[in-house]
Amino acid sequence: MTASGALDAPAASRPMPSLAAFTQRLRDRLIMQEDPATAAYDRIMRRLGISIGIAGIIVGGVELPEVAEQGRYAPAWWTVAAVVLAFGWYPIIAVVSAVSGPRAIRFVCGCAAMSFLGALASIPFGLKLHTVDATTVWPFRVTALAVTAAVLAWTSRVTVVYLLTAATSAALATVYTVSAVTPQHVTENFLRSAGLAALFVWCGTAATGAAARVDRESAIASRRAASQAAAHSRDRERARFAALIHDAVLSTLLEASRAGTKSDVLQRQAERTLEQLDECRGAQRDPDLLDARSAVLFLRAAVHEINPSIRFATRTWPGYDDLRMPVHSASTIAAALTEAVRNSLRHAAVPGREVRRTVTATVSAGSIRIVFTDDGAGFDLAAVSADRLGISMSILGRMRQLAGGSAFVESQRGEGTTVTLVWGGDGSR
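Under full-length UniProt numbering, read the sequence shown as residues 1 to 429, first letter to last.
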């Protein structure tokens, strides 16, 4: 197997500026922590978390003049504490969403949502009754942002309860602080706050729900493909046995019925038929085993489902027809292979040229070797920490846990990436 070729563009091999290098490492972090079983859900959680964190920072900056204006009516300590409670978690959400997984994102988003309620609850301690000369108190306008954080933190039912609680608290805070207030004003404020927050709840819930459905459908499609491959293998075995019965057994019996005397030709034909039946009985195959052709077709279909333009080449050694691969082994190899393909498609791009990607399957009597190569940007293996799940678990870990399986990853910045998956069939029968 050959490693991927050198880059065509010399500029790509030059050292990256520090900011660009940090961005690249951050993108690597995002991709490599994904669990393939929940890849779409993890990605949407990260993207929503980063968006909410940045939005919180922007809203905080926009609200600063109003905060300063209304801060004239309150002690300085309360203004600082309320700003920290209302906006302090959003930079943390952005950072955590960039470098960690859904569990950490849910935790910090829940902290941000509860912290906002704390800011509302602190208003009576900082502002006096009917002292603010404005239409609303400034935390009122942060309600929708806090509810959006709650979408990522809790279930839809809990989020709806939080929405009603936050919108009601914000409306009551306006009643307490604003100097001129009417029932119509309070109702309008509540409906405006709850309506805008409900829109964000619907969008966030729809996005996370759709991502979860994508993960479920991907898992179902993978199992269906494995079942179809196994069914195809069983059909081939039935057809082979039926052909043997028709061409050998029935033909021998027919000749025997016609022959009135001893025939050497008939005797040899009968002996050969018995040998074929013994071979068929001795080599009876498990219907959940894939032959060489079915295994290659299964892996090719998995790759082309991700990107049909990737070249898939096959090499065979003498005796490759004897390969018998369990369906679960083929599924594990396909999952590791498609993870390598997805990683390459996401972050191996090189500006100004097309990245070449190739999968080569080498099949022998008792083993199969899959090599995926690209001549893209590559990455520094020494800089990859052990807790990055994309390589350590989704590729290397999967293959280590597979009986007879192993995997190797080779890459350097500017020199592409090679991922090798090997299955030797040990312990498969």
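Quick reminder that beta carbons are idealized off the backbone N, C-alpha and C, glycines included. Note that the coordinates shown come from a computational prediction; the quantities given were computed from them, not determined experimentally.
Asked, Found
"Quick one: using the 10 Å Cβ neighbour count with 16 as the cut-off for buried, is residue 119 buried or exposed?", "buried"
"Evaluate the contact criterion for the region 318-336 versus the region 356-373: three or more CB pairs, one atom per stretch, below 8 Å.", "yes"
"What span of residues does the alpha helix (DSSP H) with residue 436 cover, start to end?", "Nothing can be reported for residue 436: it is not among the residues displayed for the chain, which extend from 1 to 429."
"Thinking C-alpha only, which one of 343, 372, 422, 141 is nearest residue 83?", "141"
"Does the beta carbon of residue 195 sit closer than 8 Å to a beta carbon anywhere in chain B?", "Here chain B cannot be found, since the structure has a single protein chain."
"Identify, in the order they occur along the chain, each residue of the same chain with its Cβ nearer than 6 Å to the Cβ of residue 156, setting aside the five sequence neighbours on each side.", "205"
"Between the Cα of residue 399 and those of 383, 378, 331, 97, spot the shortest distance and give me the residue it belongs to.", "331"
"Flag this pair as yes or no: are the beta carbons of residue 358 and residue 373 separated by less than 8 Å?", "yes"
"Bridge partners of residue 359, per DSSP?", "312, 372"
"Could you please give the first and the last residue of the uninterrupted alpha helix (DSSP H) stretch that includes residue 59?", "39-70"
"Around the C-beta of residue 65, are 16 or more other C-beta atoms found within 10 angstroms, so that it is buried, or is it exposed?", "exposed"
"Report all residues from its chain with a CB closer than 7 Å to the CB of residue 74; omit the five preceding and five following residues, and keep chain order.", "126, 127"
"Does the distance from the C-beta atom of residue 174 to that of residue 136 stay below 8 Å?", "yes"
"Please go through the same chain and pick out, in chain order, the residues whose beta-carbon is closer than 8 Å to the beta-carbon of residue 316, but skip the five residues on each side of it.", "292, 362, 363, 364"
"For residue 107, is the classification buried or exposed, using 16 other Cβ atoms within 10 angstroms of its Cβ as the cut-off for buried?", "exposed"
"So, are the CB atoms of residue 97 and residue 57 less than 8 Å apart?", "no"
"So, helix, strand or coil for residue 408, using DSSP?", "strand"
"Distance check for residue 152 and residue 48, CA to CA, integer angstroms please.", "8 Å"
"What does the alpha-carbon distance come out to for the pair residue 45 and residue 99?", "12 Å"
"Determine the closest residue to residue 217 out of 40, 309, 333, 404, with distance taken between C-alpha atoms.", "40"
"Compute the Euclidean distance between the alpha carbons of residue 412 and residue 313, then round it to the nearest angstrom.", "24 Å"
"What are the start and end residues of the alpha helix (DSSP H) that includes residue 161?", "156-177"
"Using the rule of at least 16 other Cβ atoms within 10 Å of the residue's Cβ for burial, across every protein chain shown, is residue 202 buried or exposed?", "exposed"
"Following the continuous alpha helix (DSSP H) through residue 421, name the residue where it begins and the one where it ends.", "Careful: residue 421 lies outside any alpha helix (DSSP H), inside the beta strand (DSSP E) at 417-423."
"Give me the residue from 166, 181, 355, 191 with the minimum Cα distance to residue 309.", "355"
"DSSP three-state label for residue 324, please.", "coil"
"Under the rule that 16 or more other beta-carbon atoms within 10 Å means buried, what is residue 341, buried or exposed?", "buried"
"Mapping the DSSP letters down to three states, classify residue 127 as helix, strand or coil.", "coil"
"On the three-state DSSP scale, how would you describe residue 282?", "Since pLDDT at residue 282 reaches only 45, below the 50 mark, its modelled position is unreliable, and no value is offered."
"In whole angstroms, what separates the C-alpha of residue 406 from that of residue 377?", "25 Å"
"Can you tell me whether DSSP reads residue 413 as helix, strand or coil?", "coil"
"Can you list, in chain order, the residues of its chain whose CB lies under 7 Å from that of residue 424, leaving out five sequence neighbours each side?", "366, 367, 404"
"Nearest-angstrom Cα distance between residue 167 and residue 289?", "59 Å"
"Report buried or exposed for residue 460, applying the criterion of at least 16 other Cβ atoms within 10 angstroms of its Cβ.", "With the chain covering 1 to 429 only, the question about residue 460 has no answer from this structure."
"Suppose contacts are defined by Cβ-Cβ distances below 8 Å. Is residue 139 in contact with residue 170 by that definition?", "yes"
"Going by DSSP, name the residue or residues bridged to residue 350.", "353"
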